[in-house]
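Quick note on the numbering used here: the sequence shown kicks off at 1 and runs consecutively.
Structure first, then comments.
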Amino acid sequence: MAEQVKEAPAELIQTRVYELCPNKTMRKVLDEACDYRRYCWNQGLDLWNEMYKERQALKSSLASDFKKLTEEQKVLLKAKPSPSERRVRNMLVADKKDWQYTQSARILQLAISDLGKAWKNFFDKTQPSWGKPKFRSKREARQGFKSDRSKIKDGILYLERARGSRVPKDQWRGFKLSEKPLSDEFGTVSYFKEKGRYYVAIPYKIKAEDVKLPDKTGKATAVDVNVGHFDYTGGRVNVLPKKLDRIYKKIKHYQRQLAKKRVQNGAAACESKNYLKTKAKLQA
């Protein structure tokens, strides 16, 4: 008689974002990790483009009928392979400089993994709006990196420390979370910095049976979302205060300015100082 296989309980992903309050030492650690992630992404993208151009140039110089290639031509093609996540990652790891060992190896691995996914989405015809991967700038409003080795212990989030880190072990600190963690099981953590403040997004793995649903009251409430306020059985809720209305007008104003610059100057507008200043005002 065949044994019955028990099905694994369904899991849900619930992401929570926490603001971090690192000390001076750990702020430097986070800043350097953000810079290293950007460096790895740009290095990987540059290598990816270079490998692709070399491969295409070689293919165009060979016979159009690839079934009739000579053994020598096949060897040449093999020496110039198409770029892939694995090839780019291995080449970057092999060419690591001494200073890179002060950073977690997982930052490079995850950066190239995301780069590979970005190229895959770009070539996916079912996602025509997905843009081509671009180089990252230190002037971008959000800087960040990912970690799949972070751990939570007693409500404290600990970032993995590289063996070659310049920060001594006794000065390496964790980050206290503002709320009680939902679970001790979670996926890849995203650390990011915006406007001088540090945050972390933790995707918790929650069993479906543990998710608490609100109690059913038997009542229903209809809401028109395109209004400044709405009334319901519990009273009135104002969803468009004057302050928010002013913010909307500010956003509309700066978006029009940016659109006008793009129409007048094309793609070059995105690199101008005035464009970046206006963009910074929009995001402020």
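Backbone N, C-alpha and C define an ideal beta-carbon position, used for all residues, glycine too.
Linking Ala-220 to Pro-181 through their CA atoms gives a straight-line distance of about 32 Å. As summarised for the segment 88-128, the continuous alpha helix (DSSP H) elements at least 4 residues long and confined to that stretch are 105-123, given in chain order. For Val-237, there is no enclosing alpha helix (DSSP H); the residue is part of the beta strand (DSSP E) that begins and ends at 235-238. Around the Cβ of Cys-21, a 10 Å sphere holds fewer than 16 other Cβ atoms; the residue is exposed.
Runs of the beta strand (DSSP E) spanning 3 or more residues and lying entirely within the segment 193-278 occur at 197-207, 229-232, 235-238, in chain order. Unbroken alpha helix (DSSP H) runs of no fewer than 4 residues, entirely contained in the segment 37-82, are found at 71-79, following chain order.
Using a Cβ distance threshold of 9 Å, Leu-276 and Arg-139 count as a contacting pair. Spanning the alpha carbons of Lys-96 and Gly-228 requires a straight line of approximately 56 Å. If you draw a 10 Å sphere on the C-beta of Phe-186, you find 16 or more other C-beta atoms in it, and that means buried.
Judged by their CB atoms, Gly-155 and Tyr-191 are not nearer to each other than the 9 Å cut-off.
By the Cβ neighbour-count rule, Gln-264 is exposed, with fewer than 16 other Cβ atoms within 10 Å of its own.
Rounded to the nearest whole angstrom, the CA to CA distance from Cys-270 to Ala-280 is 12 Å. Secondary structure of Val-167 (DSSP, three-state): coil. Apart from the 5 residues on each side of it in sequence, Asp-31 has no Cβ closer than 6 Å to any other Cβ in its chain. When Cβ pairs closer than 8 Å are counted between the two stretches, the segment 44-57 is seen to touch the segment 81-90, the count reaching three or more.
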